[in-house]
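Residue numbers (this note's numbering): 14 to 142.
What follows is the structure, encoded as structure tokens:
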């Protein structure tokens, strides 16, 4: 019996955060990190190319920032679930006020909260998946 993985792209400007998230996501049996990226412009390109199920994006990533990425990816790739992973939760509120459909996970939250948010954001998935 083969279970399809939830394919995740991680966008964060800090190398240690990117690589730690890649490792932790890949350790989950139902998740697969298919790409990591350090800036907004490359993030949008990677999402177009790889068509992930979920994008985990730092709200303060440079060029463009997480709000602009959430709006752009949401418009261009509406089936991609969005999770903003940030120390600045105001970025999430701004993204939502701007019309983005985005989940928000503070970087100081337990890792399990991020995993649950990724699963909830994935298209055609539920929190129990």
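Yeah, the Cβ is synthetic: ideal placement off N, Cα and C, and Gly gets one too.
| query | result |
| --- | --- |
| Rounded C-alpha distance that separates residue 62 from residue 110 | 28 Å |
| Nearest-angstrom Cβ-Cβ length linking residue 113 and residue 69, presumed shorter than 8 Å | At roughly 14 Å, the Cβ-Cβ gap does not stay under 8 Å, so residue 113 and residue 69 are not in contact. |
| Beta strand (DSSP E) runs wholly inside the segment 75–116, at least 3 long, in chain order | 94–99 |
| Option nearest residue 43 by Cα separation, candidates 50, 117, 89 and 67 | 67 |
| 8 Å Cβ cutoff met for residue 72 and residue 96 | no |
| Cβ shell of residue 50 (< 6 Å), same chain only, five flanking positions each side left out | 24, 56 and 59 |
| Given residue 35 as reference, the closest of 136, 128, 91 and 134 once Cα atoms are compared | 128 |
| 8 Å CB neighbourhood of residue 28 in its chain, flanking five on each side removed | 51 |
| Environment of residue 132 [buried if 16+ CB atoms lie within 10 Å] | buried |
| Residue 76, buried or exposed, once every other Cβ within 10 Å from all chains shown has been counted against 16 | exposed |
| Closest Cα partner of residue 121 within the set 92, 98 and 33 | 98 |
| The alpha helix (DSSP H) enclosing residue 122, as first and last residue numbers | Neither: residue 122 is in no alpha helix (DSSP H) and is coded neither H nor E. |
| Boundaries of the alpha helix (DSSP H) in which residue 58 is found, first to last residue | 53–63 |
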